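Chains A, B and C are the protein sequences, given in the same order.
Here the first sequence is numbered in my numbering, starting from 1 and rising by one per residue.
Here the second sequence is numbered in my numbering, starting from 1001 and rising by one per residue.
Here the third sequence is numbered in my numbering, starting from 2001 and rising by one per residue.
Below is one structure; the comments refer to it alone.
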Amino acid sequence: MSQRPDAVVIGAGIVGASCAEALARAGRRVLILDSSFAGGGTTAAGMGHLVAMDDSPAQLALTAYSGKLWTELVPDLPGNIEYEPCGTLWVAEDEEQLVAVREKQRTYAEFGIEAETLSPTQLAEAEPHLRPGLSGALRVPGDGVIYPPNAALALVQRAIANGAQLREGTRVDAIGPREVLVGRERISCDCVINACGAEAAQLTTGLPIVPRKGHLVITDRYPGFCHHQLVELGYLTSAHTMNAESVAFNVQPRATGQLLIGSSRELVGWDGTVNRAIVRRMLDRALDFMPGLALTSAIRTWTGFRPATPDKLPLIGAWEDTPGLWIAAGHEGLGITTSLGTGQLIADLIVGATPAIDPAPFAPARVHATAGVS
Amino acid sequence: MTGLRVDFYPEIVAADVAVIGAGPGGIAAAVSAAERGLRVVVMDRGLEPGGQIWRHKAGAAATPEAQPWITRLAASGARTINGTSVVDVRPDADGFEIIAESASRPLHIWAADIILATGARELFIPFDGWTLPGVMGIGGTQALIKSGASFAGKRVVIAGSGPLMLPVAASLADAGANLLLVAEQARRAAVAQFATGLWRTPSLLLQAAKYRVRFLTSSYTTGTWVTAAHGVDRLESITLTDGRRTWRHDVDVLCTGYGLIPNVEIARLIGCEIREGAIAVDNRQRTNVDHVLAVGEATGIGGAPLSLIEGAIAGSTVGSVEAPSGHLLRRRAALVGAAGRMLDVFAPREELRSLPHADTIVCRCEDVSFGAVQGAACARQAKLYTRVGMGPCQGRTCMPALDFLLAWQADSVRPPVEPALVSVLSSEVAGEATPSFPLTSSVGEAYQ
Amino acid sequence: MPRGGQSRISIVINGDRVEVPAGITVAAALFNLGITALRMSVSGEPRGPVCAMGVCFECRVTIDSRPHQRACLTAAVDGMHIQTASTS
Ligand SMILES: Cc1cc2nc3c(=O)[nH]c(=O)nc-3n(C[C@H](O)[C@H](O)[C@H](O)COP(=O)(O)OP(=O)(O)OC[C@H]3O[C@@H](n4cnc5c(N)ncnc54)[C@H](O)[C@@H]3O)c2cc1C
Ligand code: FES
């Protein structure tokens, strides 16, 4: 970049890509740096479920807002992002969960998110390969699926079309006041955005972000095997509770006809090897809900690290310890969904526009506030 | 078909030695180990023991070279499990747990030692039209003949590289094929030099001459290769070149392939060191991982006689501190030298790097073109952006080609090392399940 | 064992009942019947066997209602139903 950038975005994962896209669209000169390549981090491992999630009102606000932005943006993105408006079915195993399903429906309604309760018969009709005897489900038709690495790449390309520059294979060694250091190179700018996902704390000490490992299994192509992203209602508990390990039933029909089977959560540091015991538990859970999966062929497994925060909300906003530094990281298992909302929030805060949703619950300052307590 | 009943109790087998692969190397290893009184299990994806070279039709007799070994294997006490794909190997306190899929069921083998005899596969270099039905591997054609396919009257050209072309040409001629041409890409001078070298191993020279006699009516040419295959829904003709002029042949079948590459995926999964594409072993066939040995083509392309000796070395020493016999070691040394000379002669020529064009498919599973991957910085980036190598063959066909074309290093290996039923990867205590069979007749047909 | 000592079995290929020698693989049986296209690729191209040893996955057919079975690794069994991509 011949001219000094206004903003340096560190990390070209889906979150950094979205920040860069929004800032470039707002007329800022953006430089994007990534130690590997766009979408090659956790984004490459993500399932790509665009989902409204209600662990907290703030989470629902951000996911709903982001979902709306995705719906608007998708028509302008290339076909290789493989968007499928398949909707979500939150599956209830028993009457107790069905009560929760109805509550969930009310909560969603308050946020203007369309959702309907399916009876056991309707559920069996919608997804014949689910086991019989389930109690029903909540169908959220507005949810969808994308292929994350190409979505990140598409966002980066849009940023580039608006004048941004991308430097891949470039590791940032340190962030200073209104500058970043790459080896001996010092790049000064007005603002720096740390969008390094699970690795964000390595550049900004004090960020409470830890890697939360997940496994996925993908099958060969079985088009029509299932029609919605299927998630057990217990998934929220699995995601919410910071247990050493947990699994939940989560199956996604890919645009290719492949089935993506999840999900697991483990706190094991940066060990990315496939944990066979967890894969077994995860597949057992999937077979419990969909016995017919037993005879589908699994062609590949992989792992990824969700950037997890203690309160399950991402850190989006200014980092007061370092002048000019902004944080956009810690999106745990929702970063594909919430990337667009995050990018827009960051851009609005930086250019001084009024954000569409309240940014306060995501302010990184809350970390300082709670630091003394825990 | 609905209500197919499948029980998913894994079969569990305990052994002293698990041999993965039942070609000459694996059979020799299994026989030597079992004859020492060890409990040996030898497993192979194929339907009968013998591997690629000793392949024979189920129920039919094997070739004269193979039959004594197959008889000896049967008498040795080793347990042979065919039609079985190893999908995962994990170290355990007392050895290894090997997870395999056998006749759609999980099979778990516990073994103290492993002998990898995973053999080799062919290297293919993509060219326009290579995806047409009728374009087959050279070894693939041999395998198809041996499994009962009839090539009588078929117009065939063999164009590729390496000594494998000779026996396949001979088999095709014996099978009544109309073998139009055998085209070796290596230069005449190099092939002549190789043939001269064969004097040092008279048995190999005799073998080569015997093969040639069987297809004497067909022409054999060097310095010639295929640049394109043509046809609508199947192969109709091919274009050949010798670098100066090009010409066409109408054919039903093209056999192509540029030599063999070791199958090292399971070795990489276990953490064995790979050197120049093959599993690195010491003079007792030990890999760098304790209790894991490797023999045969997976440790470097050397042919069946070398595989047999390596198998005997591994089988006679596995699980003990005994040194292999000096006689075996000397024979191995002689054969390793001959194999090394062969590889240099048949290395694919530079011109083959420009065979694929931007729209030539390189990944046959996902139909990804060469142009789509050319700009990528590494295999992993290309895989994520284009899905190259992400299909069920797990990149076994395209990635070696892209290694040749773009010098890409193979990406990581993770379980399953071969597609496996979800039930095989799920819990070992899953017990019985009776899924109503998931796939209505319309499902899956669009994308077989 | 009838006819020349080689027993024959009957299988169903794309709805048609045919007799093939016992011990033959599905890939070889299809080859002998002149069926060259075993599957449709993801972009709709016909494909047939390449490696015949279970590596390339180009020979996938539907066997007894189960898709994605490698024809080259499957022995034809009496009564087996095989569906290839191109039934025309
Ligand atoms: C198994 C699994 C399933 C998931 N499923 C879903 C889902 O269905 N829906 C959903 O919404 N979310 C899902 N997620 C979560 C989602 O993938 C993540 O929240 C999201 O990808 C995080 O994006 P990111 O841009 O913050 O991080 P990343 O994608 O990791 O990007 C960070 C980038 O920063 C770069 N970087 C790091 N350090 C440096 C440095 N010092 N200098 C330069 N560059 C650096 C890295 O190379 C990387 O490219 C899933 C996650 C996992 C693991
Ligand atoms: S022909 Fe290659 S897997 Fe069957």
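A virtual CB, placed ideally from N, CA and C, is assigned to each residue, including glycine.
Computed from a predicted structure; not experimentally measured.
(1) Measuring CB to CB, does I1070 of chain B end up less than 8 angstroms from P1049 of chain B?
(2) Just to confirm the assignment, what range does the alpha helix (DSSP H) spanning N2032 of chain C have?
(3) Leaving out five residues on either side along the sequence, give the residues of the same chain with a beta carbon under 7 angstroms from the beta carbon of P78 of chain A.
(4) For a contact meaning CB atoms closer than 8 angstroms, what does V2050 of chain C contact in chain B?
(5) Could you name the residues of chain A that R2066 of chain C contacts, counting a contact when the two beta carbons are closer than 8 angstroms?
(6) Using a Cβ-Cβ cut-off of less than 8 angstroms, list which residues of the region 48-78 of chain A approach chain C; keep chain order.
(7) Would the beta-carbon of G262 of chain A be found less than 7 angstroms away from any heavy atom of ligand 1?
(8) So, is S36 of chain A buried or exposed, given that buried needs 16 or more other C-beta atoms within 10 angstroms?
(9) How would you label G1302 of chain B, buried or exposed, when you count the other beta carbons within 10 angstroms and need 16 or more for buried?
(10) Is it the case that the Cβ atoms of R1121 of chain B and I1261 of chain B are separated by a distance below 8 angstroms?
(11) What does a CB cutoff of less than 6 angstroms around T1239 of chain B pick up in its chain, not counting 5 residues either side in sequence?
(12) Anyone know if the C-beta pair for A1149 of chain B and F2031 of chain C falls short of 8 angstroms?
(13) Under 7 angstroms: does the beta carbon of R102 of chain A sit that close to some heavy atom of ligand 2?
(14) Can you check whether the C-beta of V274 of chain A is within less than 8 angstroms of a C-beta belonging to chain B?
(15) Which chain E residues are close to A1377 of chain B, counting only those with a beta carbon under 8 angstroms from its beta carbon?
(16) Any residues whose CB sits closer than 7 angstroms to a heavy atom of ligand 2? List them in chain order?
(17) Measure from the alpha carbon of V1031 of chain B to the alpha carbon of each residue in B:P1416, B:A1377, B:I1309, then state which is nearest.
(18) Mapping DSSP to helix, strand and coil, what is K1210 of chain B?
(19) Look up E21 of chain A in the DSSP assignment and say whether it is helix, strand or coil.
(20) Go ahead and pull the three-state DSSP assignment for I81 of chain A.
(21) Anything in chain B within Cβ reach of V1978 of chain C, meaning under 7 angstroms, just list it in chain order.
(22) Exposed or buried, what is M290 of chain A when buried is set at 16 or more other beta-carbons lying within 10 Å of its beta-carbon?
(23) Using the three-state DSSP reduction, which class does M1390 of chain B fall into: helix, strand or coil?
(24) A1298 of chain B bridges to which residues according to DSSP?
(25) Buried or exposed for W1408 of chain B, going by 16 or more other Cβ atoms inside 10 Å?
(26) How far does the alpha helix (DSSP H) with D1403 of chain B in it extend, from its first residue to its last?
(27) Please classify R2047 of chain C as buried or exposed, where buried requires at least 16 other C-beta atoms within 10 Å of its C-beta.
(28) For P1415 of chain B, which option in B:L1047, B:E1101, B:E1035, B:R1036 has the closest C-alpha, if you only look at C-alpha atoms?
(29) Run through chain B and tell me which residues come within less than 7 angstroms of S2043 of chain C, C-beta to C-beta.
(30) Could you list which residues in chain C have their beta carbon closer than 7 angstroms to that of D220 of chain A, in chain order?
(31) Report the option in B:S1218, B:L1204, B:A1323 whose CA atom is closest to the CA atom of A1159 of chain B.
(32) For L207 of chain A, name the three-state secondary structure that DSSP assigns.
(33) Name the DSSP beta bridge partners of A1018 of chain B, please?
(34) How about I1266 of chain B and V1089 of chain B: are their beta carbons less than 8 angstroms apart?
(35) With a CB to CB cut of under 8 angstroms and the five nearest residues on each side skipped, what residues in its chain are close to L1439 of chain B?
(36) Is R306 of chain A near ligand 1, going by C-beta to nearest heavy atom under 7 angstroms?
So, from the listed chains and residues:
(1) Here residue 1070 of chain B refers to the residue found at position 70 when the second sequence is read from its first residue. Here residue 1049 of chain B refers to the residue found at position 49 when the second sequence is read from its first residue. The answer is yes: Cβ separation under 8 angstroms.
(2) In the third sequence, the residue the question calls residue 2032 of chain C occupies position 32. Taken as a continuous stretch (DSSP letters only), the alpha helix (DSSP H) holding N2032 of chain C covers 2026-2032.
(3) Mapped onto the first sequence, residue 78 of chain A falls at position 78. Taken in chain order, the residues that qualify are A154.
(4) As a working note, residue 2050 of chain C is residue 50 in the third sequence. Chain B residues near V2050 of chain C: F1124, V1135, M1136, G1137, G1140, R1364, T1397.
(5) Start at 1 with the first residue of the third sequence, and residue 2066 of chain C comes out as number 66. Under the 8 angstroms cutoff, chain A gives L295.
(6) none
(7) As a working note, residue 262 of chain A is residue 262 in the first sequence. Yes, Cβ of G262 of chain A sits closer than 7 angstroms to a heavy atom of ligand 1.
(8) The residue you call residue 36 of chain A lines up with position 36 of the first sequence. S36 of chain A is buried by the Cβ-count criterion.
(9) Mapped onto the second sequence, residue 1302 of chain B falls at position 302. Classification for G1302 of chain B: buried.
(10) Taking the second sequence and counting its residues from 1, one reaches residue 1121 of chain B at position 121. Taking the second sequence and counting its residues from 1, one reaches residue 1261 of chain B at position 261. Yes. Within cutoff.
(11) Indexing the second sequence from 1 puts residue 1239 of chain B at position 239. If we look at T1239 of chain B and ignore the five residues flanking it on each side, its Cβ neighbours are T1227, A1228, T1246, R1248.
(12) Numbered from 1 along the second sequence, position 149 holds the residue referred to as residue 1149 of chain B. Numbered from 1 along the third sequence, position 31 holds the residue referred to as residue 2031 of chain C. Against a cut-off of 8 angstroms, the Cβ pair of F2031 of chain C and A1149 of chain B comes out as a contact.
(13) On the first sequence, residue 102 of chain A is found 102 positions in, with the first residue counted as 1. No, the beta carbon of R102 of chain A sits no closer than 7 angstroms to any heavy atom of ligand 2.
(14) Against the first sequence, residue 274 of chain A aligns to sequence position 274. With 8 angstroms as the cut-off, V274 of chain A counts as an interface residue toward chain B.
(15) This model lacks chain E altogether, as its protein chains are A, B and C.
(16) B:G1140, C:A2027, C:P2049, C:V2050, C:C2051, C:A2052, C:M2053, C:G2054, C:V2055, C:C2056, C:F2057, C:E2058, C:C2059, C:R2070, C:A2071, C:C2072, C:L2073
(17) As a working note, residue 1031 of chain B is residue 31 in the second sequence. The candidate whose alpha carbon is nearest that of V1031 of chain B is B:I1309.
(18) Taking the second sequence and counting its residues from 1, one reaches residue 1210 of chain B at position 210. If DSSP states are grouped into helix, strand and coil, K1210 of chain B belongs with the helices.
(19) Taking the first residue of the first sequence as position 1, residue 21 of chain A is located at position 21. Here E21 of chain A sits in helix by DSSP.
(20) Sequence index remark: in the first sequence, residue 81 of chain A carries index 81 (1-based). Three-state DSSP puts I81 of chain A in a helix.
(21) Missing from the structure shown is residue 1978 of chain C; chain C here goes from 2001 to 2088 and no further.
(22) Locating residue 290 of chain A in the first sequence gives position 290, where the first residue counts as 1. Buried, by the Cβ-count rule.
(23) Within the second sequence, residue 1390 of chain B is the residue found at index 390, counting from 1. Reduced to three states, the DSSP call for M1390 of chain B is coil.
(24) Here residue 1298 of chain B is taken as the residue at index 298 of the second sequence, counted from 1. Partner(s): none; A1298 of chain B has no beta bridge.
(25) Position 408 of the second sequence holds residue 1408 of chain B. Buried is the call here.
(26) By one-based count along the second sequence, residue 1403 of chain B stands at place 403. First-last of the alpha helix (DSSP H) with D1403 of chain B: 1398-1406.
(27) Indexing the third sequence from 1 puts residue 2047 of chain C at position 47. R2047 of chain C should be labelled buried.
(28) Sequence index remark: in the second sequence, residue 1415 of chain B carries index 415 (1-based). Ranking the options by Cα distance to P1415 of chain B, first place goes to B:E1101.
(29) The count along the third sequence starts at 1 and reaches residue 2043 of chain C at position 43. Within 7 angstroms Cβ-Cβ: D1367.
(30) Residue 220 of chain A sits at position 220 when you count from the first residue of the first sequence. Correct list: H2068.
(31) Residue numbering aside, residue 1159 of chain B sits at position 159 when the second sequence is read from its first letter. When only C-alpha atoms are compared, the closest one is B:S1218.
(32) The residue given as residue 207 of chain A occupies position 207 in the first sequence. Coil, per DSSP.
(33) Against the second sequence, residue 1018 of chain B aligns to sequence position 18. B:V1041, B:I1114, per the DSSP bridge assignment.
(34) By 1-based counting over the second sequence, the position of residue 1266 of chain B is 266. By 1-based counting over the second sequence, the position of residue 1089 of chain B is 89. Yes, the Cβ-Cβ distance between I1266 of chain B and V1089 of chain B is below 8 angstroms.
(35) Translated into positions along the second sequence, residue 1439 of chain B becomes position 439. With a pLDDT of 37 at L1439 of chain B, under the threshold of 50, the predicted position of this residue should be treated as unreliable, though the coordinate-derived value follows. Closer than 8 angstroms at the Cβ level, and outside the excluded window around L1439 of chain B, lies no residue.
(36) Working through the first sequence from its first residue, we reach residue 306 of chain A at position 306. Correct: R306 of chain A has its Cβ closer than 7 angstroms to ligand 1.
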